[in-house]
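Undergrad: In my numbering, the protein residues as written are 9 to 727.
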Ligand code: ADP
Ligand code: ZN
Ligand code: ZN
């Protein structure tokens with residue numbers, strides 16, 4: 009085996025000794041003003057995609073040889089490439105095009121995206137360490153694909169018809185299937201067919217959350233054998249990530265399961281991409297390069313001739329609109345919509361969806377947290393040995409402490425937000441900057457001992473419900489057990505797995521959690537799900553809030569009654585409970601009917617009337633500074649510069665004035681943003697490309713020196 013990092017070969021004869029210049033993508037500091045690609049000298053030709061080590065300043069860094077011509081700073085001669093990673097095949101043209109597209113589209117540098125897409129150890133390990141790592145035997149190639157270790161279940165007619173369509177159409181597909189309709193089984197079959205059709209074929213399956221990958225991985229390894237499947241997500245150790253990445257890159261792994269970062273995996277044989285729960289916000293990276301893995305998956309599929317399946321019970325309005333059927337005066341969307349409305353049938357109570365129970369909180373005593381009918385339902389379920397889930401998207405004990413005498417509130421000194429009361433360790437903690445103090449004994453404002461917690465978080469629900477259910481016994485005579493799962497209880501590695509296992513094993517009767525528990529989990533014995541305070545999201549200023557709330561509630565209700573046989577055997581009926589002050593709200597009616605299409609139609613009409621996505625395209629420019637004045641000043645100057653230069657595409661763009669963010673100060677940094685909108689994606693892209701140099705130039709003007717940072721967010725999720 010060749011050593012991993014070889015010095016560039018000496019020339020065959022002195023006559024050929026003129027070293028060639030190779031363009032290399034390296035991770036240059038953002039906004040460093042360095043070009044996209046740097047030039048290095050090498051005495052042998054290097055194919056694009058080759059991984060190299062090159063000197064940058066005083067360091068030696070990882071780089072990727074690129075195509076094209078590199079520029080040399082005037083008067084400088086190129087430094088030589090210091091090593092070539094011969095042990096790793098060059099990254100192919102598909103991968104390089106994906107990276108180049110993402111860099112262009114999301115307004116980042118090529119080197120930043122390229123290097124961030126590689127496993128950290130490739131950058132960090134020294135050449136010898138890396139060589140040693142590579143010498144370890146890789147997973148057996150290929151063999152795993154047909155290794156079906158579980159008997160196949162008979163497909164439902166809806167599943168069969170979806171798969172038949174996927175086989176004959178090029179896609180992309182939107183698989184619109186109710187929770188529990190068997191979407192995962194469809195993915196498994198499509199992966200199977202893709203791998204069987206071609207010995208080099210690979211599939212990429214993406215899920216929104218790290219904590220959902222173990223479950224899915226189990227199903228995939230049971231079907232395809234452990235050798236064929238690797239995971240890629242940020243919760244893995246760096247050595248694991250390198251190993252998975254190499255297995256995918258070499259083709260040894262036929263299936264990659266991962267979170268959003270997996271969209272950049274090198275997959276030379278890629279034939280199928282699945283994006284499960286495609287509506288989920290976590291597909292959008294929220295720092296650095298703010299890419300959407302779902303949107304990149306669509307682009308990648310088209311470029312690499314891989315089929316793409318987006319799946320959801322509550323699609324994003326973008327994907328829903330993109331999959332609209334053709335009508336007389338509309339050619340229809342770019343995606344093909346496939347529908348699986350029914351839950352997997354079994355017996356009389358054939359996989360019915362949960363019944364919605366609405367508690368009108370206007371008729372409940374003031375400050376009711378658990379209404380009497382909900383409490384009675386919970387008690388009844390526990391006594392029958394069934395499980396319940398309570399959803400509240402607010403962790404901690406109470407969102408704020410308040411002094412009735414002087415109106416003091418537990419505000420974070422560094423943010424425009426309250427510090428949340430956590431009773432368990434008696435702290436006030438800011439969920440934005442992390443600043444934490446001990447709970448004061450008396451009001452810091454006036455010394456009054458009369459400070460009270462206002463509102464509820466999951467910690468308080470757990471405490472209250474444990475009291476309310478004290479004395480309630482399960483069929484085995486044990487007292488009811490209430491537990492909570494949120495990011496506070498799962499901070500330690502492995503605790504989430506343990507807690508989830510306790511739910512699955514039936515140890516826990518009532519599970520209280522944030523949205524973290526609402527998604528994807530296949531809890532078999534949960535028959536009741538309740539959202540106790542969903543109202544906040546009904547009147548949010550974010551135009552996507554209703555869409556997110558509907559998805560969350562429908563997903564949550566999808567946790568109930570997943571095992572139709574169990575529900576039927578119990579003589580039970582699965583239920584979704586909502587406690588709301590607005591029972592007449594359109595979302596409630598749509599939830600009652602499990603009618604996503606009606607909800608989507610109503611939302612799309614509003615969006616169309618207001619010319620909002622998907623009928624318009626948006627980008628945000630964010631600026632952070634010590635004062636709002638500086639932050640907004642930069643944005644205004646950049647906006648003025650665009651007008652002064654009459655930039656290409658400006659006539660198709662609406663540039664809104666700079667405004668503070670909803671939470672305008674975090675960790676003593678003032679945040680402002682400016683919205684750009686256009687009916688044309690192309691016009692917006694053209695404008696952003698032309699504008700970028702002006703943004704850099706504005707930033708380097710002396711009056712904007714004190715700006716902390718700025719960034720562009722293309723297709724932002726939250727405004
Ligand atoms: P979804 O991903 O749409 O929520 P799943 O694929 O997880 O649904 O399917 C829900 C449950 O139904 C799973 O336990 C799965 O094993 C089972 N299932 C899926 N398809 C079938 C089928 N054709 N026959 C019987 N059970 C099925
Ligand atoms: Zn006070
Ligand atoms: Zn804070």
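All residues carry an ideal CB built from backbone N, CA and C; glycine is no exception.
Quick caveat, the model's predicted, so the values are computed rather than measured.
Please classify residue 481: is it buried, with 16 or more other beta-carbons within 10 angstroms of its beta-carbon, or exposed?
TA: With fewer than 16 neighbouring CB atoms inside 10 Å of its own CB, residue 481 falls in the exposed class.
Undergrad: Could you pull out every residue in the same chain whose Cβ sits closer than 6 angstroms to the Cβ of residue 364, ignoring the five residues on either side in sequence?
TA: Sequence-distant partners of residue 364 (beyond 5 residues in either direction) whose C-beta falls short of 6 angstroms from its own C-beta, in its chain, are 584, 599, 600.
Undergrad: State the Cα-Cα distance for the pair residue 85 and residue 75, rounded to the nearest angstrom.
TA: 20 angstroms
Undergrad: Considering only the alpha carbon of each residue, which of 515, 524, 490, 292 lies closest to residue 499?
TA: 524
Undergrad: Helix, strand or coil: how does DSSP classify residue 198 here?
TA: helix
Undergrad: Write down the C-beta distance between residue 428 and residue 404 rounded to the nearest angstrom, noting that I regard them as a contact closer than 8 angstroms.
TA: 4 angstroms
Undergrad: Taking C-alpha atoms, which residue in 55, 52, 549, 36 lies nearest to residue 46?
TA: 36
Undergrad: Closer than 6 angstroms by C-beta to residue 151: which residues in its own chain qualify, once you throw out the five before and the five after it? Chain order, please.
TA: Unreliable placement is indicated for residue 151, whose pLDDT of 43 sits below 50; the coordinate value is still reported in the next sentence. Closer than 6 angstroms at Cβ, skipping near neighbours: no residue.
Undergrad: Please name the residue or residues paired with residue 133 in a DSSP beta bridge.
TA: Beta-bridge analysis with DSSP links residue 133 to no other residue.
Undergrad: Would you call the CB atoms of residue 387 and residue 477 closer than 8 angstroms?
TA: Yes, the pair counts as a contact, with Cβ atoms nearer than the cut-off.
Undergrad: To the nearest angstrom, report how far apart residue 277 and residue 66 are at their CA atoms.
TA: 38 angstroms
Undergrad: Identify, in the order they occur along the chain, each residue of the same chain with its Cβ nearer than 7 angstroms to the Cβ of residue 431, setting aside the five sequence neighbours on each side.
TA: 405, 467
Undergrad: Could you name the residues whose beta carbon sits closer than 5 angstroms to any heavy atom belonging to ligand 3, keeping them in chain order?
TA: With the cut-off at 5 angstroms, the residues found are 420, 422, 423, 438, 440, 441, 443.
Undergrad: Compare the C-alpha of residue 207 against each of 259, 250, 226, 180 and name the closest.
TA: 259
Undergrad: Smallest Cα separation from residue 176: which of 198, 681, 261, 691?
TA: 198
Undergrad: Can you tell me where the alpha helix (DSSP H) holding residue 647 begins and where it ends?
TA: 636 to 652
Undergrad: In the DSSP assignment, what residue or residues form a beta bridge with residue 430?
TA: 435
Undergrad: State whether the region 179 to 189 contacts the region 311 to 325, with contact taken as three or more CB pairs (one from each stretch) at a distance under 8 angstroms.
TA: yes
Undergrad: Determine, using beta carbons only, whether residue 592 comes closer than 8 angstroms to chain D.
TA: Of the chains in the structure shown, none is chain D; there is only one protein chain.
Undergrad: Just to confirm, is the Cβ distance from residue 587 to residue 348 under 8 angstroms?
TA: No, the pair does not count as a contact, with Cβ atoms beyond the cut-off.
Undergrad: Can you tell me whether residue 251 is buried or exposed, with buried defined as 16 or more other CB within 10 angstroms of its CB?
TA: buried
Undergrad: Once the 5 residues before and after residue 508 are set aside, which same chain residues still bring their CB inside 8 angstroms of it?
TA: 219, 493, 529
Undergrad: Report yes if the CB atom of residue 60 is closer than 8 angstroms to the CB atom of residue 54, and no otherwise.
TA: Contact: yes.
Undergrad: Look at the alpha carbon of residue 392 and the alpha carbon of residue 351, and state the distance between them as a whole number of angstroms.
TA: 24 angstroms
Undergrad: DSSP three-state label for residue 460, please.
TA: strand
Undergrad: If I follow the unbroken alpha helix (DSSP H) through residue 690, where does it start and stop?
TA: 689 to 707
Undergrad: Roughly how many angstroms separate the alpha carbons of residue 57 and residue 594, rounded to a whole number?
TA: 52 angstroms
Undergrad: On the CB-based measure, 16 or more other CB atoms within 10 Å of its CB, does residue 706 come out buried or exposed?
TA: buried
Undergrad: Going by the DSSP bridge assignment, what does residue 335 pair with across the sheet?
TA: 338
Undergrad: Residues with a Cβ closer than 5 angstroms to any heavy atom of ligand 2, in chain order?
TA: 411, 413, 414, 416, 451, 453, 454, 456
Undergrad: Between 93, 434, 330, which lies nearest to residue 344 when the distance is taken from Cα to Cα?
TA: 330
Undergrad: Quick check on residue 718: does DSSP put it in helix, strand or coil?
TA: strand
Undergrad: Would you check if there are 3 or more beta carbon pairs closer than 8 angstroms linking the region 649 to 663 to the region 675 to 690?
TA: yes
Undergrad: Sort 236, 266, 271 by Cα distance to residue 255 and report the nearest one.
TA: 236
Undergrad: With 16 other CB atoms within 10 Å as the buried threshold, where does residue 433 fall?
TA: exposed
Undergrad: Find out if the Cβ-Cβ distance for the pair residue 642, residue 718 is shorter than 8 angstroms.
TA: yes
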